[in-house]
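Presented below is the structure to which this report refers.
In full-length UniProt numbering, the protein residues as written are 1 to 192.
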C-alpha cells in the first residue's frame, strides 16, 4: 500500500546531478544528490536536524501503520527522529537497533547487513532488554528510505529472534526495487 502522491512531477530530474524536490503535506524540500556506493548519484533524505520535514512525514505516515501494530522497530540514525515522532503521535512504543555495540548492552542480538546502497556491509546490534520488549508483539519496521530492503530484512530477523511477529514495513520513501510489502509515502528515483 502506498500513498498516491509521487515525487513532485513538476521538478524533472536531470540525469546528471540536479537536486530533486519533494513535498509532504505543506512541507517542500529540495534533496541534494550524493554519490552512494555502486549506485552512482542518489537523492539524500535528511530528517536529522529538520523537525518541520520530520513532523510532516510522521503525520503523513500515521495512516500507513498496519492495524494491530503494538511496537515500532527502527535503526539509527536518520530514521530515529521519524520513528520517535510516529511513536509520539500514535502512542506506540518503539525500539531502536544500533550500528555499533555499546558497552552497556546485555546479551545483544547481532545481524549483518549487506547494504547495496552503501556498497559496504554493516552490523546491527539490538540490546537484549530492548529485544525482550518485542516478545509476543506485532512489530512494524520503520525506516526513512527503503531501497533494496536489506536493512529491513535484518530488522525483521531481530523481531523473529526476539519472539515477535513482523506486522509490516513502513518508510517515508521507497527507492529501488524491493520485494518487501512496503507502505510508503513517495517513490524516489534509484539514481539521478
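Every residue gets a Cβ at the ideal spot worked out from N, C-alpha and C, and that includes glycine.
Distance check for residue 180 and residue 67, CA to CA, integer angstroms please. 18 angstroms
CB residue 135 to CB residue 167, shorter than 8 angstroms? no
Check whether the Cβ atoms of residue 192 and residue 41 sit closer than 8 angstroms, and answer yes or no. A Cβ-Cβ contact shorter than 8 angstroms links residue 192 with residue 41.
Locate the alpha helix (DSSP H) running through residue 136, then write down its first and last residues. No alpha helix (DSSP H) contains residue 136, which DSSP labels as neither H nor E.
Can you check the segment 49-106 for any beta strand (DSSP E) of at least 3 residues that lies completely inside it and give the ranges in chain order? 71-75, 94-97
Can you tell me which of the three DSSP states residue 187 falls into? For residue 187, the secondary structure class from DSSP, reduced to helix, strand or coil, is strand.
Tell me the DSSP secondary structure of residue 178 in three-state form. Here DSSP, grouped into helix, strand and coil, assigns residue 178 to coil.
Whole-angstrom C-beta distance between residue 73 and residue 159, which should lie under 8 angstroms: For a cut-off of 8 angstroms, the C-beta gap from residue 159 to residue 73 is around 6 angstroms, short enough to register as a contact.
Around the C-beta of residue 183, are 16 or more other C-beta atoms found within 10 angstroms, so that it is buried, or is it exposed? buried
Is residue 44 helix, strand or coil by DSSP? coil
Between which two residues does the alpha helix (DSSP H) carrying residue 159 extend? Counting along the chain, the unbroken alpha helix (DSSP H) around residue 159 starts and ends at 150-162.
Got a sec, what are the start and stop residues for the beta strand (DSSP E) residue 193 sits in? No answer is possible for residue 193: the residues shown for the chain start at 1 and end at 192.
Compare the C-alpha of residue 49 against each of 80, 169, 131, 177 and name the closest. The option with the nearest alpha carbon to residue 49 is 80.
Alpha-carbon to alpha-carbon, residue 93 and residue 99: 20 angstroms
Test item: CB-CB of residue 47 and residue 78 under 8 angstroms: yes
Using the Cβ count rule (16 or more neighbours within 10 Å means buried), how would you classify residue 15? In this prediction, residue 15 scores a pLDDT of 42, lower than 50, which makes its location untrustworthy; no coordinate-derived value is stated.
In three-state terms, what does DSSP make of residue 19? coil
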